[in-house]
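Working notes for the structure below.
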Amino acid sequence: MSSNNNTSLSLAILQLQTGFRYSSLILGFILLIGGVLGNILNIIVFIKTGNYKNNACSLYMFVRTFLDLYVLLAGLTTKILSAGFQIDFTLINRIWCKTRFGIAEINSESTYTLICLQAIDAFICSSPSAVVRQKSNIRIARCLIIGTVCFWSIHEIPYFIFQDLVIVGGIPMCIATNTIYAQYRTYVFALGIISITPIIVISIFGFLTVRHMKTISVTRTLSSLTKQTI
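Residues 1 to 230 in the UniProt record's numbering are what the sequence shown spells out, letter by letter.
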């Protein structure tokens, strides 16, 4: 009786795992196809309009599109292969183990930074002061984009050094071989720099942008009333 119960429980767990794997596979394909098509359409629209050539905010969005496209093709595709087909190249190839996550992280970190820069640029463009608005220009935006990619590339150098394919208990694992660096990635980088910092920056500058817009709206209303009075 106990053996039958254990068998039934094992079958139920196996069915749940299979159902979860297929659900993840279907959802992954939907996200991959939708994301790739969406980003390609964004690129076409940006190229046709050409706003990214003269507008800093549009340039940030244009560059982000390419970064997101890479994350989808290189990041999500490998996740689908791993979750759906049990094909994980990071557990087979040492070079891929060292580079796959590192390059993906550079793209993700650059994306988060560009989102913050976009929020800051919107704040600058909405400023009532003409002097402040002049700070938003395409030349500075290009320098910031190059600086962002260079900064995060340098930041990920320890990752390429410490991340390695090792055998733990007879099982190959792609993990950080330095304990201190692993703790930094988990508690400082993942929780603080990537998660909390962008939210704080976007929230602050989003609030300030809205306040600028309200100030401009009130000023225009008062100006209109003044003209009507005169």
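Glycine included, every Cβ here is placed at the ideal spot set by N, Cα and C.
**Spatially closest choice to E105 from I33, L41, T148, by CA coordinates** = T148
**Message:** Under 8 Å, with one C-beta from each stretch per pair, do the region 77-92 and the region 49-65 reach the 3-pair mark?
**Reply:** no
**Prompt:** From T49, G35, K53, pick the residue whose C-alpha is nearest to that of A141; which is it?
**Reply:** K53
**Prompt:** Would you call the region 88-106 and the region 122-132 touching, i.e. three or more CB-CB distances under 8 Å?
**Reply:** no
**Prompt:** Under 7 Å, do S195 and W152 count as touching if we go by C-beta distance?
**Reply:** no
**Prompt:** Should the region 120-129 be regarded as contacting the region 34-52, the criterion being three or more beta carbon pairs within less than 8 Å?
**Reply:** no
**Prompt:** Can you give the Cα-Cα distance for K135 and S127, rounded to whole angstroms?
**Reply:** 10 Å
**Request:** Could you name the residues that DSSP lists as bridge partners for V71?
**Result:** According to DSSP, which records beta bridges pairwise, V71 is partnered with nothing at all.
**Same chain only: Cβ atoms within 7 Å of Y112, ignoring 5 sequence neighbours per side** = I194, P198
**Asked** What number of angstroms, rounded off, separates the C-alpha of L117 from the C-alpha of I154?
**Response** Here the alpha carbon of L117 sits roughly 19 Å from the alpha carbon of I154.
**Prompt:** Under three-state DSSP, which class holds P128?
**Reply:** Three-state DSSP puts P128 in coil, outside helix and strand.
**Asked** So what's Q163 in DSSP terms, helix, strand or just coil?
**Response** strand
**Rounded straight-line distance, which links the Cα of I167 to that of F205** = 47 Å
**Request:** Report yes if the CB atom of Y22 is closer than 7 Å to the CB atom of G102, and no otherwise.
**Result:** No.
**Message:** I'd like the list of long-range same chain contacts for T177, defined as Cβ closer than 8 Å, with 5 residues on each side in sequence excluded.
**Reply:** If we look at T177 and ignore the five residues flanking it on each side, its Cβ neighbours are F162, Q163, D164, V166.
**Item:** C-alpha distance - F29 paired with I216, whole-angstrom precision
**Value:** 45 Å
**Item:** Whole-Å CB distance - I138 paired with A56, under 8 Å assumed
**Value:** 6 Å
**Prompt:** For L114 versus Y60, is the C-beta spacing smaller than 7 Å?
**Reply:** yes
**Request:** State buried or exposed for V71, treating a residue as buried only when at least 16 other CB atoms are found within 10 Å of its CB.
**Result:** buried
**Request:** Identify every residue that forms a DSSP beta bridge with P172.
**Result:** BP columns for P172 point to I167.
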